[in-house]
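Chains H and C are the protein sequences, given in the same order. Residue numbers for the first sequence follow the numbering used here, so the first one is 92 and each next one is one higher. Residue numbers for the second sequence follow the numbering used here, so the first one is 483 and each next one is one higher.
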Amino acid sequence: MTLRDNLRRGDILEKTDIQKELIKLFGKDALLTEDLDLMYYSYDSSFLTKLQPASPYAVVFPKSTEDLQKLMTFAYKNGINVIPRGAGTGETGGCIAVEGGIVLDLSNWDEIVEIDVSNMQVVVRPGVIHAKLNEELAKYNLFFPPDPGSSLMCTVGGMVANNASGLRAVKYGCTEQYVLGLEVVLPNGDVMITGGMKSKAIKNVSGLNLTKLMVGSEGILGIITRIRLRCFPKPRARGIAMAVFDRLDDAPATVLDVYQAGILPSGIEILDSSAIKAVNDFKPNINLPDAEAILLFEVDGNPPSVEFEGGVIREMAEKRARSVEWATDPKRMAELWEGRSVTAAAAARVRPDGSRIFAGEDISVPLSKVADVLRAIRALGDKYGIKVVNYGHIGDGNVHTAPVINPENPAEVEQVLKLVDEIHLLAIEMEGTTTGEHGVGAVRRRYAPLEHGTALDYMRKTKDAFDPKGIMNPGKLI
Amino acid sequence: MEFKDLPPVKEQLMKCVRCGKCRSVCPVFAEIRNETAAPRGHVFMVQMLRDGKVEPTAKIYDHLGNCLMCETCSVNCPSGIDIHELNAAARSYVYKSNPTMTKEFVFDALWTKPELLKNAVRMMWAAQKTGMQKLARCLGITGLLPGDMPKAEKILSKVPGYTAISKLTEINKAKGEKKYSIGYFLGCATNLLNPNVALATVNVLTHNGCEVTIPADIRCCGLPHIANGKIDTARQLAIHNIKLFNAYNFDYIITDCASCSSALAAKNIEFLLHGTEYAEQGQIFAAKVMDLNHFLIDVVDIHSHVDAKARKIKVTYHDPCHLANAQGIKAAPRDLLRRLPGVELIEMKDANRCCGGSGTYSLTHYDLSMQILDKKMDNAMQTGADLLATCCPSCMMQLRHGINRENWDAEVVHPVELWSKLYGVN
């Protein structure tokens, strides 16, 4: 038995003792401790927590660094697990107390501390909603480019902790590219500033890059309490191209042609035949053409460059596509994009007596393997008798797979768990990864040895350096 | 029917993937901001109830009841779940294990019998008129009222001294050629609290070729009962009203109340009567139900004479949830306002965000309701409008309270009242 195991919760304090101590520290009204209330924190959007919800011992709503220091000092001393949580929109069980502990609901700590227009930066607290941040930045012609599908509800803290991205990652990359510095409360209650104590520099190669270490660390190293983000100028124009293909392989080939023609669209999305059917069944008025694949290219920038790039995309796509349409008129763009925007909802309704589930939903593979992977997933769906809807960010090889089952039928659940396991293994085999943007959390942790080999040992050593008692979000990531 | 066999519970519960989009649109969550108030949290708790993981306790009722039933979550749910129906079904299930004397009295004894309800409102009017209400407030007697009622009774200020039904006849002939035979579903709140709206409705309809019949013994549409865990009572009320109206041969059954029209519409009738012997009759009834604004614009195609000298008036419009969310009716009330001479319609920010009234919610959750109202009033006042128009008695009551709280020099109206003035008082 290790020191960490000895210091686990329960050896020192029981759940009710922990609750009493927290009430002493923060007051009864600042926490949730009743069993019924705690059940509401037993889930996120993962299929895992639908099957196995796990309630925490308490939920705390910190709103200051000092609050958190106080909490962590108590938790560290007593070896109590602490699990940071944003809006709970994740699909990996990352914010769930799978091994018990105190959940920190950081979604209420949502101050935009400073919009530094002259340096094109913004400083926020972790609970700021992504869409709200961009609404405020737009007032200064700025934006924070990563664009997750959950923009309306996810928090920037959650995005940083998971290194989230989304539709625009092709051109603008992931959250990590925008984080200049962080304030992190460490497990022992210390406060660490990364990226320089005072630095507002965009370029900064001073010291070990602890900012990058923290981004995507899924709450296993510390709690992100303050975020300095770099912003970009908001593009003035936008255009959408839709290309329809009779052969699946022509879609990734066209994406490559576009890149090789020197064009980097802001987004390239794919709907395969399963997604096309789902969209048309859900909203017949969208009337997507019956095809093996549809690509949607989004281009942004200044009006002349958008027109030019749109022209090149059209030229490239016409080499293989059955039809290509280019639009800059906002109404038509919205119509062309509608098929993509409703895909997730359509997948949810593809079967009246079932639901899509979030499991095996986020693999990412090299562009050259996308068509093979889509075909292989279809074959796996057939093997297990499960309908699967495929869509995603083909520009960076990030495929979203939506298995549709009756989640209350144990036989279907058993089959789908086998299916998603094979999908994860397929991604690794295809020189890809089990997760492109949603994270590892509790659901993909078991693939870590296969994905990372000996590097995983060094990840664990890094974790031990920050969190020797193993109280930060245990059971996740590594 | 068993709770677990109710259609939303049986068919929709499994569809929630807990994506959390409902968190981003729920007006109550925006104030409380913890997961116990999130619509997906309600869905989760319904599942726990169905699966017997929790007992149907009063505390669960409190959580489920902390919802406006504004349906904003339902219309925004990517999985297409009628979250409000799940919540309503669960409230009713939980309430059966936790009945209260007050609710039994209000929703079963009082609110099912129009005459008794009328008398209760008359007593309120008399108390106000004689200064008894003021006296009761001074003496602290209102403090004896249950829950948030001591604070919330202010919302009920200025009860009119007459009912609409006392001023209207059962059959109101069309002025000119009769084109439509209309059954007017005169809701309780319009009849008792906004009688002028009812008079205006009949005036405008009769001016537009409608013979308007108000069947005797119309009972509550049942929406307050659904919101308060009394689905069985709501079902009985629906069956009564269906039988009452189906005995006539109306072209349309019209109501000026957003809540009534949503309660009488096909979806809610299906929710109440699914699997009962009245399901078919219910749909025959519901097929004729139409909101007044929708009828005047899309059936009658109402127009006024052009009056260049008409007094210019700025109007802003608040979407009642039961019209915009429950029925998707957003354009018709606005068109009705725009077609009036002199009206300049100024859109407020978030016009379709709940005002916090929501029937009995403002009476049971006064403080939260006021927080939601404050946001609405900020947006409404920024328009600089002279009139705040809406089509729901509950919204009208709440917005009037908001205007009083803000000391705003504006008036709350139903669009049909402006049209009625145009035709001259009935």
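Note that the Cβ used here is the ideal one computed from N, Cα and C, for glycine as well.
So for residue i, helix, strand or coil by DSSP?
i        : result
H/Met211 : coil
H/Asp405 : Before going on, a small fix: residue 405 of chain H reads as Arg here, not Asp. In this structure, H/Arg405 counts as helix in the three-state DSSP scheme.
C/Arg522 : helix
H/Ala229 : helix
C/Glu652 : coil
C/Lys541 : helix
H/Phe117 : helix
C/Tyr734 : strand
C/Ser663 : strand
H/Lys567 : coil
C/Phe696 : The residue asked about is misnamed: residue 696 of chain C is Ile in this sequence, not Phe. If DSSP states are grouped into helix, strand and coil, C/Ile696 belongs with coil.
H/Trp428 : helix
H/Asp363 : strand
H/Asp372 : helix
C/Thr715 : helix
H/Met244 : coil
H/His484 : strand
Nearest to residue i by alpha carbon, out of the options?
i        : options                                   : result
C/Asp590 : C/Leu550, C/Asn673, C/Gly711 and C/Cys559 : C/Gly711
H/Asp128 : C/Leu546, C/Cys504 and C/Ala512           : C/Leu546
H/Ala616 : H/Glu267, H/Val480, H/Ile206 and H/Met244 : Any answer about residue 616 of chain H is impossible in this case: the structure gives chain H only from 92 up to 569.
H/Cys265 : H/Leu271, H/Gly272, H/Asn254 and H/Leu273 : H/Asn254
C/Ser876 : C/His896, C/Ala862 and C/Pro815           : C/His896
C/Gly704 : C/Ala867, C/Thr842 and C/Val797           : C/Thr842
H/Tyr86  : H/Ser155, H/Ser136, H/Glu125 and H/Glu157 : A query on residue 86 of chain H cannot be resolved here, the shown segment of chain H reaching from 92 to 569 and no further.
C/Glu659 : C/Ala808, C/Cys692 and C/Arg573           : C/Cys692
H/Thr553 : H/Thr156, H/Phe336, H/Lys106 and H/Ile311 : H/Ile311
C/Phe526 : C/Asn601, C/Ile563, C/Ala790 and C/Cys552 : C/Ile563
H/Gly472 : H/Val495, H/Arg321 and H/Val456           : H/Val495
H/Lys289 : H/Met244, H/Lys303 and H/Arg319           : H/Arg319
H/Leu197 : H/Met424, H/Gln212 and H/Val173           : H/Val173
C/Pro509 : C/Gly884, C/Ile885, C/Met852 and C/Asn889 : C/Met852
H/Ala229 : H/Ile206, H/Val247 and H/Val214           : H/Ile206
C/Val898 : C/Lys858, C/Met830, C/Lys636 and C/His776 : C/His776
C/Glu888 : C/Lys903, C/Lys858 and C/Thr651           : C/Lys858
C/Arg532 : C/Phe511, C/Leu598, C/Thr688 and C/Pro490 : C/Pro490
H/Ala520 : H/Met244, H/Ala166, H/Lys460 and H/Val219 : Reading off the sequence, residue 520 of chain H comes out as Glu, not Ala. With distances taken between Cα atoms, H/Glu520 lies closest to H/Lys460.
Whose C-beta lies closer than 7 Å to the C-beta of residue i among residues of the same chain, with five residues either side of it excluded?
i        : result
H/Asn570 : Since the first and last residues shown for chain H are 92 and 569, residue 570 of chain H lies out of range.
H/Ile314 : Leu159, Pro175, Leu195, Val275 and Val276
C/Met869 : Looking at the sequence provided, one finds Leu at residue 869 of chain C rather than Met. Ile795, Val797, Ala892, Glu893 and Val895, listed in sequence order.
C/Val603 : Val641 and Leu674
C/Asp801 : Lys812, Ala833 and Asn834
C/Arg701 : Thr594, Pro596, Leu719, His722 and Asn723
C/Cys552 : Pro509, Cys803, Asn807, Cys836 and Ser840
H/Ser241 : Thr180
Counting only the same chain and skipping the five closest in sequence on each side, list residues whose C-beta sits under 6 Å from that of residue i.
i        : result
H/Tyr538 : His515 and Thr525
C/Pro642 : Pro677
H/Ala145 : Ser133, Ile187, Ala188 and Val189
H/Ile284 : Glu274
H/Arg329 : Asp391
Between which residues of its own chain and residue i is the CB-CB distance below 8 Å, once the five residues before and five after are set aside?
i        : result
H/Arg536 : Gly566, Lys567, Leu568 and Ile569
C/Gln765 : Ala748, Ile751 and Glu752
H/Ile109 : Arg100, Tyr148, Ala149, Asn169, Ile171 and Ile193
Given the structure, does residue i come close to the ligand NAP, in the sense that its CB is under 6 Å from one of the ligand's heavy atoms?
i        : result
C/Ala572 : Ligands are entirely absent from the displayed structure, and the ligand NAP is therefore not among its contents.
Exercise. Answer yes if the segment 697-711 of chain C comes into contact with the segment 719-729 of chain C, meaning at least three C-beta pairs across the two stretches below 8 Å, and no otherwise.
Key: yes
Identify every run of the alpha helix (DSSP H) within the segment 300-334 of chain H, keeping only runs that are complete inside it and at least 4 residues long; order them along the chain.
301-305
Q: Could I get the ranges of all uninterrupted beta strand (DSSP E) runs contained in the segment 486-563 of chain H, with 3 residues as the minimum, in chain order?
A: 489-496
If we require 4 or more residues per run, which alpha helix (DSSP H) segments fall completely within the segment 777-808 of chain C? none
List, from N- to C-terminal side, the alpha helix (DSSP H) runs of 4 residues or more that fit wholly inside the segment 833-903 of chain C.
843-846, 848-863 and 875-888
Evaluate contact between the segment 399-419 of chain H and the segment 451-471 of chain H, counting only Cβ atoms and requiring at least three cross-stretch pairs below 8 Å. no
With three or more C-beta pairs closer than 8 Å as the rule, is the segment 485-500 of chain C touching the segment 331-346 of chain H?
no
Within the chosen definition, does the segment 781-800 of chain C reach the segment 841-856 of chain C through at least 3 CB pairs nearer than 8 Å?
no
With a threshold of 8 Å, are at least 3 pairs of Cβ atoms found where one atom belongs to the segment 574-585 of chain C and the other to the segment 851-871 of chain C? no
- Answer yes if the segment 375-383 of chain H comes into contact with the segment 344-358 of chain H, meaning at least three C-beta pairs across the two stretches below 8 Å, and no otherwise. no
Item to complete: Check whether the segment 355-371 of chain H touches the segment 300-308 of chain H, counting contact only when three or more Cβ pairs, one atom from each stretch, lie closer than 8 Å.
Response: no
ask   = What are the complete beta strand (DSSP E) segments, minimum 3 residues, inside the segment 149-190 of chain H?
value = 149-151 and 173-176
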